[in-house]
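**Q** Taken in order, the sequence shown gives residues 3 to 228; the numbers are from the numbering used here.
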Amino acid sequence: MISEPATGAQMIQNQPDWEISDGLTGYDFALAKMQNRATAIREGNAEELVWLVQHPPLYTEGTSAKAADLQDANRFPTFKAGRGGQWTYHGPGQRVAYVMLDLTRPHGSVPARDVRCYVAGLERWAIETLKEFGVTGQVRQGRVGIWVDRPDGREEKIGAIGVRVSRWVTWHGLALNIAPELSHFNGIIPCGITEHGVTSLHALGVEAGMNEVDAALKHNWNKIFG
């Protein structure tokens with residue numbers, strides 16, 4: 003039996019909404035918006051969403067975070083994120099992509115109801131995006147996130163991933179370091195890892211702007227999730 007090709011309407015239905023917020027988005031507002039959107043998606047009252055934001059300087063605490071890894075509690079506001087993972091910094095110059103998808107259905111190469119493959123999909127999405135700027139992102143066994151090798155042999159993290167899945171609807175997502183103030187990471191032990199540092203596109207000599215990164219993220223979305 004030969005199946006009929008998808009119609010234009012069907013193809014559009016499988017694409018999430020995309021939203022880019024100007025300025026700096028407060029973290030409490032972001033949490034509330036993600037929760038509300040995830041509920042609406044689950045109830046069939048809203049489309050899936052990829053939401054791109056920047057936050058003011060802050061630290062977020064994942065469900066596996068250790069109190070001792072917050073080394074400067076007075077430096078920036080801290081928030082309980084409700085996502086997996088440990089401590090993470092967010093701030094200007096970092097592109098945060100919040101992804102709200104219904105995992106009861108497949109998305110491109112990510113099968114339905116497979117959280118591990120979904121997280122791997124976020125990693126591949128970041129890696130494909132970095133390729134457009136001549137940066138080779140890599141994953142490491144036992145370390146969620148995106149890493150780069152420096153010429154002197156150092157490994158540094160350029161992208162963090164932390165997700166939550168509520169009744170098969172995802173929220174939270176990916177943070178890519180474009181041009182943040184890297185010293186701001188010093189107030190925490192990022193993701194509980196002490197032996198490796200953090201980096202950014204600008205620290206690697208790539209003078210890409212946020213708009214260029216946003217375009218690359220959207221361009222590469224369908225390679226993984228389309």
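Glycine residues also receive a C-beta, built at the ideal position from the N, C-alpha and C atoms.
Quick one: using the 10 Å Cβ neighbour count with 16 as the cut-off for buried, is Gly64 buried or exposed?
**A** buried
**Q** Which one of Gly136, Pro182 and Leu132 has the shortest CA to CA distance from Ile148?
**A** Leu132
**Q** Excluding five sequence neighbours on each side, which residues of the same chain lie with their C-beta closer than 6 Å to the C-beta of Ala218?
**A** Thr131 and Glu134
**Q** Whether or not the stretch 41-48 and the stretch 80-97 are in contact is what I'm after, with contact meaning three or more pairs of Cβ atoms, one per stretch, closer than 8 Å; do they touch?
**A** no
**Q** Find out if the Cβ-Cβ distance for the pair Asp74, Gly189 is shorter than 7 Å.
**A** Result yes, Cβ atoms of Asp74 and Gly189 sit closer than 7 Å.
**Q** Report the three-state DSSP secondary structure of Arg126 (helix, strand or coil).
**A** helix
**Q** Run the proximity test for Ser202: is its beta-carbon closer than 6 Å to any non-hydrogen atom belonging to the ligand NAD?
**A** No copy of the ligand NAD occurs in the structure displayed, which carries no ligand at all.
**Q** Check each candidate in Asn179, Gly155, Gln37 and Arg126 and name the one with the smallest Cα separation from His57.
**A** Asn179
**Q** Can Asp216 and Leu54 be called in contact, C-beta distance under 7 Å?
**A** yes
**Q** One question on the structure: do Thr201 and Ile160 come within less than 7 Å of each other, judged by their Cβ atoms?
**A** Cβ distance < 7 Å, so Thr201 and Ile160 count as in contact.
**Q** Just verifying my parser: in three-state terms, what is the DSSP assignment at Val137?
**A** Reduced to three states, the DSSP call for Val137 is coil.
**Q** Starting from Trp170 and walking both ways along the alpha helix (DSSP H), at which residues does that stretch end?
**A** Where Trp170 is concerned, there is no enclosing alpha helix (DSSP H), given that its DSSP letter is neither H nor E.
**Q** Under 8 Å by Cβ, that's how I've got Trp127 and Ile43 pegged, so tell me the actual separation to the nearest angstrom.
**A** About 19 Å; that fails the 8 Å criterion.
**Q** Per DSSP, what are the beta-bridge partners of Met102 in this structure?
**A** Leu51
**Q** In this structure, does DSSP put Ala181 in helix, strand or coil?
**A** In this structure, DSSP gives Ala181 a state outside helix and strand, which the three-state scheme calls coil.
**Q** For a minimum of 4 consecutive residues, which ranges assigned as the alpha helix (DSSP H) are wholly contained in the stretch 11-96?
**A** 29-44
**Q** Which same chain residues, not among the five before or five after Gly28, have their C-beta less than 8 Å away from its C-beta?
**A** His57 and Pro58
**Q** Within 10 angstroms of the Cβ of His92, are there 16 or more other Cβ atoms? Answer buried if so, exposed if not.
**A** Around the beta carbon of His92, a 10 Å sphere encloses 16 or more other beta carbons of the protein chains shown; the residue is thus reported as buried.
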